[in-house]
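Worksheet: the structure to be examined is printed underneath.
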Ligand SMILES: [Zn+2]
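Numbering (my numbering), first residue to last: 2 to 226.
In structure tokens, the structure reads:
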């Protein structure tokens, strides 16, 4: 008798044949082939990754390491490499290592939003544009919704993004433990005031001064508001 032509799928961890019932496709490799594992190995991987035993976690991480070398998706590959480097699956640990690796100066100079220059630009350009546009819309178009949209686009949104530190807000939210607290968290530590509220309000004040200065200068140049 001839051998049957059915190609058996093999689990790439335990090497056992897998049936269609318990197949899990992990990812697509660089050659375009699917890396498949059995549901049993998947379960073991989860247990290992969540384990308190560092040896177990290392096993899972080692497996991730071998995956990261043949993976197709760049983003997942770089995430896996960071998991290996941090020796942790905890997203906070990974993020902490990311920040730690960058020199402090690079973090400060790279930041475009929110920043003092962004606040100055938002005030100096946004405010006069907003006022001039509002006058035009009120006289010519007379549509409340257009007026609202115009204020949103030229003033509210630019000021918001130039002054409010959304990254800090998101990070503090992630740090908060518990579903309920995450949504209604107080967000009132001393660090929050110095890093978030005061710096944000400082940028808002700079934005306001910049807007007033810009409008005085434009007025002197003959533009009527
Ligand atoms: Zn398996």
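Note that beta-carbon positions come from the ideal geometry of N, C-alpha and C, so glycine has one too.
Predicted model, so just to flag it, every value in this text is computed and none were measured.
Which residues count as close to ligand 1 when the rule is a CB under 5 Å from any of its heavy atoms, in chain order? 12, 14, 15, 39, 42
Between residue 208 and the rest of its own chain, which residues show a CB-CB distance below 8 Å, the 5 nearest in sequence each way excluded? For this step, residue 208 is matched to residue 207 along the chain shown. Excluding sequence neighbours, residue 208 sits near 120, 121, 123, 124, 160, 163, 164.
Continuous beta strand (DSSP E) stretch holding residue 36: start and end: Taking the chain shown and counting its residues from 1, one reaches residue 36 at position 35. Counting along the chain, the beta strand (DSSP E) containing residue 36 begins and ends at 35 to 39.
At the level of alpha carbons, what is the spacing between residue 55 and residue 148? In the chain shown, residue 55 corresponds to position 54, counting from 1. In the chain shown, residue 148 corresponds to position 147, counting from 1. Cα to Cα, the separation comes out at about 59 Å.
Thinking just about the alpha-carbon of each residue, which of 126, 32, 87 is nearest to the one in residue 58? Within the chain shown, residue 58 is the residue found at index 57, counting from 1. Measuring from the Cα of residue 58, the nearest candidate turns out to be 87.
Is DSSP giving residue 200 helix, strand or coil here? Here residue 200 is taken as the residue at index 199 of the chain shown, counted from 1. DSSP places residue 200 in helix when its eight states are reduced to three.
Whole angstroms is fine: what's the gap from residue 15's alpha carbon to residue 26's? Stepping through the chain shown from its first residue, residue 15 is reached at position 14. Stepping through the chain shown from its first residue, residue 26 is reached at position 25. Each residue's alpha carbon lies about 14 Å from the other.
Quick one: what does DSSP say residue 195 is sitting in, helix, strand or coil? The residue you call residue 195 lines up with position 194 of the chain shown. In the structure shown, residue 195 adopts helical secondary structure according to DSSP, grouped into three states.
When the Cα atoms are used, what is the spatial distance from residue 198 to residue 171? In the chain shown, the residue the question calls residue 198 occupies position 197. In the chain shown, the residue the question calls residue 171 occupies position 170. Distance between the alpha carbons of residue 198 and residue 171 is about 14 Å.
Close Cβ partners of residue 205 (< 8 Å) along its chain, the five nearest in sequence each way excluded: Position 204 of the chain shown holds residue 205. Around residue 205: 120, 160, 164.
Quick one: grab the DSSP three-state call for residue 177. Taking the first residue of the chain shown as position 1, residue 177 is located at position 176. Residue state, collapsed to three classes: coil.
From residue 23 to residue 193, what does the alpha carbon distance come to, in whole angstroms? Here residue 23 refers to the residue found at position 22 of the chain shown. Here residue 193 refers to the residue found at position 192 of the chain shown. Near 48 Å, if we compare the C-alpha coordinates of residue 193 and residue 23.
Which word fits residue 20, buried or exposed, when buried means at least 16 other C-beta atoms lie within 10 angstroms of its C-beta? Position 19 of the chain shown, counted from the first residue, corresponds to residue 20. It counts as exposed.
To the nearest angstrom, report how far apart residue 153 and residue 140 are at their CA atoms. Working through the chain shown from its first residue, we reach residue 153 at position 152. Working through the chain shown from its first residue, we reach residue 140 at position 139. Roughly 19 Å separates the two Cα atoms.
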